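A short worksheet on the structure shown next.
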Amino acid sequence: MTDAASLADRVREGELRLHELEAHADADTAAEARRSLVEEQSGASLDAVGNYGFPAEAAESAIENMVGAIQVPMGVAGPVSVDGGSVSGEKYLPLATTEGALLASVNRGCSVINSAGGATARVLKSGMTRAPVFRVADVAEAEALVSWTRDNFAALKEAAEETTNHGELLDVTPYVVGNSVYLRFRYDTKDAMGMNMATIATEAACGVVEEETTASLVALSGNLCSDKKPAAINAVEGRGRSVTADVRIPREVVEERLHTTPEAVAELNTRKNLVGSAKAASLGFNAHVANVVAAMFLATGQDEAQVVEGSNAITTAEVQDGDLYVSVSIASLEVGTVGGGTKLPTQSEGLDVLGVSGGGDPAGSNADALAECIAVGSLAGELSLLSALASRHLSSAHAELGR
Numbered sequence: 156m157t158d159a160a161s162l163a164d165r166v167r168e169g170e171l172r173l174h175e176l177e178a179h180a181d182a183d184t185a186a187e188a189r190r191s192l193v194e195e196q197s198g199a200s201l202d203a204v205g206n207y208g209f210p211a212e213a214a215e216s217a218i219e220n221m222v223g224a225i226q227v228p229m230g231v232a233g234p235v236s237v238d239g240g241s242v243s244g245e246k247y248l249p250l251a252t253t254e255g256a257l258l259a260s261v262n263r264g265c266s267v268i269n270s271a272g273g274a275t276a277r278v279l280k281s282g283m284t285r286a287p288v289f290r291v292a293d294v295a296e297a298e299a300l301v302s303w304t305r306d307n308f309a310a311l312k313e314a315a316e317e318t319t320n321h322g323e324l325l326d327v328t329p330y331v332v333g334n335s336v337y338l339r340f341r342y343d344t345k346d347a348m349g350m351n352m353a354t355i356a357t358e359a360a361c362g363v364v365e366e367e368t369t370a371s372l373v374a375l376s377g378n379l380c381s382d383k384k385p386a387a388i389n390a391v392e393g394r395g396r397s398v399t400a401d402v403r404i405p406r407e408v409v410e411e412r413l414h415t416t417p418e419a420v421a422e423l424n425t426r427k428n429l430v431g432s433a434k435a436a437s438l439g440f441n442a443h444v445a446n447v448v449a450a451m452f453l454a455t456g457q458d459e460a461q462v463v464e465g466s467n468a469i470t471t472a473e474v475q476d477g478d479l480y481v482s483v484s485i486a487s488l489e490v491g492t493v494g495g496g497t498k499l500p501t502q503s504e505g506l507d508v509l510g511v512s513g514g515g516d517p518a519g520s521n522a523d524a525l526a527e528c529i530a531v532g533s534l535a536g537e538l539s540l541l542s543a544l545a546s547r548h549l550s551s552a553h554a555e556l557g558r
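Written as structure tokens, this is what we have:
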């Protein structure tokens, strides 16, 4: 096989392009050659980046022009007791982050949840969406396309499902804006996050639309999906998993462990997470759900850009017979346990910690379980941060941990 130095020379001479190296050497050698070229051009040392702990071949489906890997510290919170629809028992929660104090905060929340007997979590809705946009002549043709879509769902379903062994088309919802028609396809993608599956299936269905109607496809994605952008449609209709976790904490636990009262936490949540978020026109009515979603996404091989949708969450808190009830509802948590970054060795181990690596039995149950664990982790984070704010201990906690 060609060595890294020879590969780098061929790039310098213009014989090869940077993205072509894997066709002439193994993946690790190709990465080494790119590192030498980048070091030469930039003057940077990539020794740490090149010191990664898995074969570069394992990352071929996850990245192009690989030069190495970054390392984000991973810790665990818990174990925390989870009573879910697809997961039950005590689970350590893997979180990868560079934000000091985050793990300590979530860990405190997990401990308090355990003192209350554990948290309950359920996936309430599931479906990955893709929404192509079609051009029609006018609103009359738009109405005709909407009617055709509703009358011909079976044909769209057949075309879409011919492209996948696992995906199932659940529904197609039309939206009209002038002479633009958006068809929001929603799929059950089982244990895959399913964005690629939904895209390929929808492309096949769009062919049927163009064959049978006067509509012309403008783009396979019309942004009504809506992927990796803050969007009210995801908050209302959901995308990926819509999941909720809750817990009821006895008053004495709140006072002794969190050094505040149920009334103080409930008032703070209303004024901060609900009223404050509304005044800010935020789509996230929560304290820091994105922190836990991002950290667990990194630890388990999820698409980190979809933290945008994952932070679409509402936290509630109220006093029930003197105790504190807290819930977190995440409307659009896009997760999978097969495909994409879940195949990387370190991320696969993160899924193994939760017991959800690979396909579930029944199909979809592992991704549901992952969503429920992330929701409980988010609940723990919300509970801990709200209590720190209510007791005015937030800044002192960060100072104590040296952040």
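FYI, the numbering for the sequence shown is 156 to 558, going by this note's numbering. Backbone N, C-alpha and C define an ideal beta-carbon position, used for all residues, glycine too. Keep in mind that this is a model prediction, so the values were computed, not measured.
Taking the alpha-carbon of residue i as reference, which of the options has the nearest alpha-carbon?
i    : options                   : result
L488 : V481, V166, S520 and E527 : E527
Q196 : K383, A217, A163 and G349 : A163
G514 : K384, K345 and R396       : K345
S542 : G477, A419 and L453       : A419
L499 : S533, V483, D238 and F452 : F452
G244 : A433, N269, A310 and S216 : N269
A214 : P385, A530, Q502 and R403 : Q502
S482 : P249, L534 and E317       : L534
N334 : V402, S371, L372 and D293 : D293
K384 : A203, Q226, A460 and T492 : A460
S389 : V231, K280 and D458       : According to the sequence provided, residue 389 is Asn. The question's Ser does not apply to it. Looking at the Cα atoms, K280 is the closest of the given residues.
D507 : R305, I485 and P249       : P249
S539 : D183, S236, I218 and S266 : S266
V567 : V336, N307 and D306       : Shown here, the chain extends from 156 to 558; a query on residue 567 therefore has no answer.
G233 : L379, A259, A180 and V166 : A259
G510 : G349, G496 and T455       : T455
L504 : A186, R167 and V231       : The residue asked about is misnamed: residue 504 is Glu in this sequence, not Leu. Cα-wise, what sits closest to E504 is V231.
What residues in its chain sit with their C-beta under 7 Å from that of residue i, if we drop five residues either side in the sequence?
i    : result
E473 : A421 and Y480
T357 : R285, P287, A315, F340 and L375
V493 : D346, A347, G513 and G514
E194 : S200 and L201
T318 : I355, A356 and A359
Looking only at its own chain, which residues have a Cβ that is under 6 Å from the Cβ of residue i, when we skip the five neighbours before and after it?
i    : result
S191 : A163
L257 : N446
G377 : A286, P287, V288 and Y337
H553 : Residue placement at H553 is poorly supported in this model, since its pLDDT is 49, which falls under 50; the coordinates still yield a value, given next. Result list for H553: A256, in chain order.
Once you ignore the five residues that flank residue i on each side, which residues in its own chain have a CB closer than 8 Å to its CB?
i    : result
A518 : H321, K345 and D346
P228 : A251, T252 and T253
L325 : G282, R341, Y342 and D343
S241 : V278, G515, S520, N521, D523, A524 and E527
A310 : V363 and E367
A160 : A188 and S191
T304 : L311, V327, P329, L338 and V364
A353 : M283, T284, R285, G322, F340, Y342 and T344
E219 : H174
Would you mind sorting residue i into buried or exposed? The rule is 16 or more other CB atoms within 10 Å of its CB.
i    : result
G465 : buried
F289 : buried
V398 : buried
S512 : buried
E537 : buried
D158 : exposed
V430 : exposed
P105 : What the structure shows of the chain is the stretch from 156 to 558, and residue 105 is not part of that stretch, so it cannot be assessed.
D382 : buried
G532 : buried
I485 : buried
N262 : buried
N424 : buried
K246 : buried
S236 : buried
S216 : exposed
I225 : exposed
V448 : buried
N206 : exposed
By the three-class DSSP mapping on this structure, what secondary structure does residue i have?
i    : result
A188 : helix
I469 : strand
R403 : strand
R394 : coil
V222 : coil
F308 : helix
V420 : helix
A518 : coil
G282 : strand
E459 : helix
E212 : helix
R412 : helix
A347 : strand
A251 : strand
R341 : strand
Please determine if the stretch 459-471 and the stretch 429-445 are in contact, where contact requires at least 3 C-beta pairs separated by less than 8 Å. Short answer: they touch.
Any contact of the stretch 402-411 with the stretch 295-308, i.e. 3+ C-beta pairs under 8 Å? no
Would you say the stretch 273-284 touches the stretch 539-549, given that touching needs at least three Cβ pairs under 8 Å? no
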